[in-house]
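Taking it in order: structure first as C-alpha cells, then the write-up.
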Amino acid sequence: MLRRFRARLTYANVASSIALFLALSTGAAYAANTVFSTDIVNGEVKTADLHSGAVTTGKIAANAVPAPRWPTGRCWASTSSTARLPA
3 MLRRFRARLT YANVASSIAL FLALSTGAAY AANTVFSTDI VNGEVKTADL
53 HSGAVTTGKI AANAVPAPRW PTGRCWASTS STARLPA
C-alpha cells in the first residue's frame with residue numbers, strides 16, 4: 003500500500019498541494035483585512051454586524067439616534083388611568 007502511495011507522490015503533486023493550501027489559507031485573511039470604513043456605504047452596517055458592546059453611549063454623536071416614533075392615536079397610558087409604560 004505504501005508503494006502505491008509513494009508512486010503517486012510526485013514533485014508536481016506536492017507542489018500543487020502546497021500552492022493550493024497557501025492560496026486558500028492566505029486569501030481569506032487578505033480579503034478580511036482589506037475592508038475599510040471608506041468601503042462601507044451609509045446605512046449598510048446592521049445590528050448583526052456589530053460585536054456585543056461595540057457601540058456605547060460615549061461613542062454616539064449627539065442626536066445621532068432619533069427617539070422612537072409611536073403610531074398616531076395609540077398610547078399605552080390611554081387605556082387606563084392607572085396604566086404605566088413598560089420600563
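Numbering (the numbering used here), first residue to last: 3 to 89. The C-beta atom is built at its ideal place from N, Cα and C for all residues, glycine as well. These numbers come from a predicted model, not from an experiment.
Straight-line Cα distance separating phenylalanine 38 from proline 68: Translated into the one-based positions of the sequence shown, residue 68 becomes position 66. Translated into the one-based positions of the sequence shown, residue 38 becomes position 36. One C-alpha to the other measures close to 26 Å.
Consider the C-beta atom of alanine 69 and the heavy atoms of the ligand PLP; say whether any pair is separated by less than 6 Å. Because no ligand of any kind appears in the structure shown, any question about the ligand PLP cannot be addressed here.
So, for methionine 3: in the same chain, excluding its five sequence neighbours on each side, which residues have a beta-carbon less than 8 Å away from its beta-carbon? Residue numbering aside, residue 3 sits at position 1 when the sequence shown is read from its first letter. No residues qualify anywhere along the chain.
Could you check where the alpha helix (DSSP H) with phenylalanine 7 kicks off and where it finishes? As a position in the sequence shown, residue 7 is number 5, starting the count at 1. Element bounds for phenylalanine 7: 4-10.
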